[in-house]
Amino acid sequence: MANAKPEPIHQTLQGQLVRLSPFILGAVILFLLPAFLPAYVQTIWTKFLIFAIFATSFDLIYGHAGLLSLGHAAFFGAGGYVVGVLLLHYEISSFWICAPLGVVVASAIAAVFGFISLRVSGMYFLLVTFALAQLLYSIAWNWLWLNSPGMQGIAGIARPDLGIPSFRWTPIYFYYFVLIIFVLCFYLVYRIMNSPFGCSLRGIRESELRMESLGYNTWFHKYIVFIVTGAFAGIAGVLFAYFNRLISPVHLAVGTSFLPMCMVIIGGTGTLLGPVIGAMVIVFVEYFSSLFTPERWPLILGGLFVAVIMYSRGGIMVYLSEIWKRIGTHYGSTQS
Amino acid sequence: MEALRVEGLSKDFGGVHAVHHVSFNVEVGERLVIIGPNGAGKTTLFNLINGQLLPTSGRIYFLGQDITDMTTHRRAHLGQARSFQIINLFLNLSVLDNTLLGLHGTKRSRLQMFRSMKSYGNLLSNAQESLEAAALWDKRNELVKNLSYGEQRRIEIALSLASKPKLLMLDEPSSGLTRDEGSEIIALIRNLGSTITVLIVDHDMDLVFGVAERILVLHYGQIIVNGKPEEIRADPRVREIYMGVEECMDRARAD
Amino acid sequence: MDAVVRNLLNGISYGMVLFLAGAGMSIVMGVMGITNLAHGALYMVGGYVGWTIAIHYGLSFWLGVLLGGFVSGLCGLIIERGFLRHLYKQPNEQVLLTFGFVYILTNLCIWIWGGRHRMQFTSRSLSGLWDIFGLPYPIARIVIILIGLAVGVVLWWLQDRTRMGAIVRAGMDDKEMTKGLGINLERVSMFVFFLAAFIAGIAGVIGAQLMGVHSVLGFDILLLALVVVIVGGMGSIQGSLLGGVLIGLIDTFGKSLFPQMAMFTMYFAMIVILIVKPSGLLGRKV
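Protein chains in written order, with my numbering: chain A, 7 to 342; chain B, 263 to 517; chain C, 28 to 313.
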């Protein structure tokens with residue numbers, strides 16, 4: 007090639023459209039569809055978006071950096087608890103205070119937990135992240151200050167106060183509110199994934215030894231991503247508290263950590279859309295299961311999870327990318 | 263001017279002296295080749311110089327600085343680079359991504375979280391340069407794990423050159439390569455220029471005698487001989503260690 | 028003084044249960060390189076089976092212990108043969124898989140036995156008191172301590188003194204080479220995994236004397252086992268024993284001296300170890 011700039015060359019408008027079509031389709035579905043659905047289904051879509059943020063944050067640390075943390079819910083729950091505590095003890099319900107504080111607290115906890123966890127590696131890292139999250143769980147269970155009187159957790163969390171006079175929440179308004187935040191988070195993660203830092207995470211996953219000898223302070227990169235993913239999980243937790251109207255210790259426990267793991271595996275690790283697709287699958291399968299066999303949901307979840315690990319290594323994204331590639335070559339678009 | 267000085271370096275693994283009181287130095291621009299039977303401690307020595315291992319005793323000086331306790335990534339910033347004996351690449355990433363990672367390693371931009379990797383124009387053209395030189399530009403979007411062994415070796419070396427190092431350490435660069443591929447490596451090393459100091463560990467005598475200005479012979483973790491190629495060829499102790507290699511040496515002399 | 032002795036014995040007996048619960052997991056981790064998060068669920072399965080035999084059918088308690096061990100061992104074997112074996116060299120996927128099994132096993136237990144908590148039960152022969160230095164103390168707990176010690180000795184002997192331990196360790200490093208030497212690695216791996224699960228199962232019944240059986244044990248015991256492994260060190264029988272007893276003592280004395288801080292004493296110990304000696308008290312370097 008004689009060109010100085012090694013950029014993609016030939017792209018017709020049609021080709022461009024085909025490349026962007028999944029995102030266009032996704033945008034259409036996410037922005038338009040729920041407006042036509044019944045209120046209860048709208049809340050399911052809202053839940054899906056909240057968990058999509060949570061799952062995407064987990065994928066950054068697992069799919070990209072290759073660190074399997076079993077305690078990711080600690081940061082999720084922490085964000086939620088900030089909302090609860092501010093309401094319970096300080097009667098603050100302003101979103102503009104709760105959300106940033108939630109992110110800050112979640113990040114701070116991630117900074118502490120990350121420091122302790124990253125002292126060890128491999129299997130130990132796993133165990134330590136698990137145990138630290140359980141520590142938080144037991145604090146939330148026992149410390150009276152973190153509980154509404156007479157119960158476990160904090161109840162009575164209303165929808166966020168946006169400071170807009172005479173504004174009333176409806177399910178669809180809340181959905182769009184969450185959607186906007188989701189799009190923002192999604193975009194940020196997209197930028198991080200494609201940045202030198204994001205690439206360095208994948209390098210660390212592939213060969214930490216090599217990265218070190220190339221000049222990367224791998225410990226530092228891992229520490230940073232731990233905190234960043236903690237922040238995103240915190241945002242998801244804040245939204246969840248508003249959504250669920252209740253935050254309880256179980257939202258800090260390993261059972262909640264399991265959900266983004268499932269979503270990421272089923273959707274496809276290390277991809278941008280994988281966690282989102284996985285979140286959609288899990289949340290909707292749970293909804294359908296709750297209609298027919300609510301007691302067997304953990305069994306279905308576990309079974310689905312095991313099946314995907316055993317038989318479909320790349321999750322759903324593998325199949326979707328195949329289809330997309332074939333459509334792409336059919337329409338003659340080229341990629342760099 | 264000394265590029266590297268090693269003084270009384272030892273590494274013990276619970277009773278096993280992998281490296282034992284090794285001392286030598288390397289001038290800037292020099293080509294030093296380390297040879298020795300398997301298990302002689304050559305890779306351990308590299309790991310000590312590059313920081314993957316900390317020594318039990320002794321000191322290491324790089325460009326005049328004491329780097330004995332320094333982390334590997336700091337040593338990279340000072341100008342060290344190495345290739346690995348067993349191919350150590352980012353297998354599930356593309357050739358281009360591998361190269362870009364190598365280029366970013368010593369740059370401030372490696373912690374950048376918002377700019378796209380591909381937007382760094384000058385790094386991209388550097389990557390293109392080195393990949394074209396290794397005849398791998400056309401395969402830049404291939405995953406490294408799908409390449410042939412010879413191609414992977416080329417990337418292995420290209421990666422270690424990416425940061426424009428002052429000290430290049432190549433651990434068995436010709437291992438597993440065909441004769442032709444091996445000659446390519448020799449040519450590449452010969453063309454590296456006098457500002458780079460090169461330290462090589464290898465068993466291929468063509469490469470060793472084709473490139474070396476000085477040779478270090480290691481056995482059971484100790485230096486047996488340290489001298490010019492002709493001295494090594496003639497040394498009876500070396501022949502003793504390498505019984506059966508005499509034939510190779512004769513061939514090399516004849517070339 | 029009485030209270031101190033009582034706490035001491037309580038702590039040690041509880042610690043023995045923790046050791047039994049965690050030993051298998053530690054062995055499989057240190058020797059086979061597999062982190063089996065379903066280990067707590069195997070404990071739970073054993074406990075339920077033991078309850079069924081001893082209480083539901085009113086048969087011998089010790090039969091319950093044995094059968095509990097066998098059923099858990101079988102479950103463990105199925106997990107290893109049917110699933111883990113195919114994920115060789117993919118440690119993350121192995122861990123995730125076993126975690127999925129926690130959910131599967133837990134829900135299956137709820138399906139079969141219902142969600143009610145089963146209260147503590149023990150053998151008729153053990154439900155009495157002995158005189159320890161003038162202090163009446165439950166026989167059952169003494170027996171637990173003895174069983175714990177016995178199991179510990181047997182495991183230590185197996186791991187450090189037999190060819191089998193060496194084989195499994197070799198197989199972890201280089202499967203092909205080990206097989207090439209004519210050693211039936213599959214057979215040995217199967218046995219180790221079965222043994223680990225078996226011990227978890229009998230631990231479930233033995234521990235039921237102190238804690239009963241319930242459907243959250245899958246997670247609760249997992250956590251306890253993990254703390255024991257972190258404190259005691261991975262892959263070391265002595266470490267698990269030490270870790271278990273230590274945690275048992277800390278927890279028991281903690282609960283009696285600082286009741287409000289009951290749950291945290293254990294975590295404090297864990298965090299201290301992590302900061303001071305991450306590989307555990309008797310573990311190999313991490």
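Glycine included, each C-beta is placed from N, C-alpha and C at the ideal position.
Assigned secondary structure, residue i (DSSP; H/G/I helix, E/B strand, else coil)
| i | result |
| --- | --- |
| Y164 (chain C) | strand |
| Q314 (chain B) | coil |
| M6 (chain A) | Look at the range of chain A in this structure, 7 to 342, and you will see that residue 6 (chain A) is not part of it. |
| A396 (chain B) | coil |
| Y176 (chain A) | A small correction: the amino acid at residue 176 (chain A) is Thr; Tyr does not occupy that position in the sequence shown. In this structure, T176 (chain A) counts as coil in the three-state DSSP scheme. |
| N354 (chain B) | coil |
| V463 (chain B) | strand |
| W149 (chain A) | coil |
| Y317 (chain A) | helix |
| G320 (chain B) | strand |
| D328 (chain B) | strand |
| S371 (chain B) | helix |
| L271 (chain B) | strand |
| F286 (chain B) | strand |
| N34 (chain C) | helix |
| M290 (chain C) | coil |
| V313 (chain C) | With a pLDDT of only 40 at V313 (chain C), under the threshold of 50, the placement of this residue in the model should not be trusted, and no figure is reported. |
| V98 (chain C) | helix |
Any C-beta of chain C under 8 Å from that of residue i
| i | result |
| --- | --- |
| I59 (chain A) | no |
| F307 (chain A) | Looking at the sequence shown, residue 307 (chain A) is not Phe but Leu. For L307 (chain A), the answer is yes, since a Cβ of chain C falls inside 8 Å of its Cβ. |
| M157 (chain A) | no |
| I271 (chain A) | yes |
| V89 (chain A) | no |
| M267 (chain A) | yes |
| A137 (chain A) | yes |
Distance between beta carbons of residue j and residue i, contact taken as under 8 Å
| i | j | result |
| --- | --- | --- |
| S392 (chain B) | T361 (chain B) | 6 Å |
| G127 (chain C) | D247 (chain C) | About 18 Å; that fails the 8 Å criterion. |
| L587 (chain B) | F352 (chain B) | Residue coverage of chain B in this structure runs from 263 to 517, which leaves residue 587 (chain B) outside it and unanswerable. |
| W78 (chain C) | V240 (chain C) | 5 Å |
| G303 (chain B) | G483 (chain B) | 4 Å |
| A239 (chain A) | G72 (chain A) | With 8 Å as the limit, A239 (chain A) and G72 (chain A) do not qualify as a contact, their Cβ atoms being about 18 Å apart. |
| P281 (chain A) | V270 (chain A) | 5 Å |
| L212 (chain C) | I264 (chain C) | Their Cβ separation, rounded to whole angstroms, is 21 Å, which puts L212 (chain C) and I264 (chain C) out of contact at 8 Å. |
Proximal residues of chain B, C-beta to C-beta of residue i below 8 Å
| i | result |
| --- | --- |
| N200 (chain A) | S378, M379, K380 |
Partners in chain B for residue i, counting only beta-carbon separations shorter than 9 Å
| i | result |
| --- | --- |
| S206 (chain A) | L363, H366, G367, R372, L373 |
8 Å Cβ cutoff, residue i in contact with chain A
| i | result |
| --- | --- |
| R415 (chain B) | no |
| T133 (chain C) | yes |
| R441 (chain B) | no |
| D359 (chain B) | yes |
| V254 (chain C) | yes |
| Q484 (chain B) | no |
| L353 (chain B) | yes |
| S425 (chain B) | yes |
Within chain A, the residues that residue i reaches when beta carbons sit closer than 8 Å
| i | result |
| --- | --- |
| H113 (chain C) | M316 |
| Q347 (chain B) | Correct list: empty, because the minimum Cβ distance to chain A is about 12 Å. |
| F246 (chain C) | A259, V260, G261 |
Partners in chain C for residue i, counting only beta-carbon separations shorter than 7 Å
| i | result |
| --- | --- |
| N148 (chain A) | M290 |
| R302 (chain A) | N134 |
Interface residues of chain C facing residue i [CB-CB closer than 8 Å]
| i | result |
| --- | --- |
| S144 (chain A) | M290, F291, Y294 |
| A116 (chain A) | Within 8 Å Cβ-Cβ: nothing; A116 (chain A) doesn't reach chain C, min ~16 Å. |
Amino acids of chain A, ordered along the chain, whose beta-carbon sits closer than 9 Å to that of residue i
| i | result |
| --- | --- |
| H279 (chain B) | Those do not exist, as H279 (chain B) stays about 24 Å from chain A at its closest Cβ, beyond 9 Å. |
| R293 (chain B) | Ordered by position in chain A, no residue passes the 9 Å Cβ test against R293 (chain B), which lies about 21 Å from the chain. |
Closer than 7 Å: residue i CB and nearest the ligand ADP heavy atom
| i | result |
| --- | --- |
| I35 (chain A) | Here there are no bound small molecules, and the ligand ADP is not part of this structure. |
Neighbouring residues, chain A, relative to residue i (Cβ below 7 Å)
| i | result |
| --- | --- |
| E120 (chain C) | I315 |
| T62 (chain C) | M129, L132 |
Residue-chain proximity (residue i, chain B), Cβ-Cβ < 8 Å
| i | result |
| --- | --- |
| S127 (chain A) | no |
| T340 (chain A) | The predicted position of T340 (chain A) is uncertain, since its pLDDT is 47 and thus under 50; no value can be drawn from it. |
| E214 (chain A) | no |
Quiz item: Does the stretch 455 to 470 of chain B come close enough to the stretch 429 to 442 of chain B that 3 or more CB-CB pairs lie under 8 Å?
Solution: yes
Are at least three pairs of beta-carbons, each pair with one atom in the stretch 230 to 238 of chain C and one in the stretch 131 to 143 of chain C, less than 8 Å apart?
-> Inter-segment contact for the stretch 230 to 238 of chain C and the stretch 131 to 143 of chain C is absent: fewer than three beta-carbon pairs are separated by less than 8 Å.
*asked:* Check whether the stretch 77 to 96 of chain A and the stretch 199 to 219 of chain A are in contact - that is, three or more C-beta pairs closer than 8 Å.
replied: These segments do not touch.
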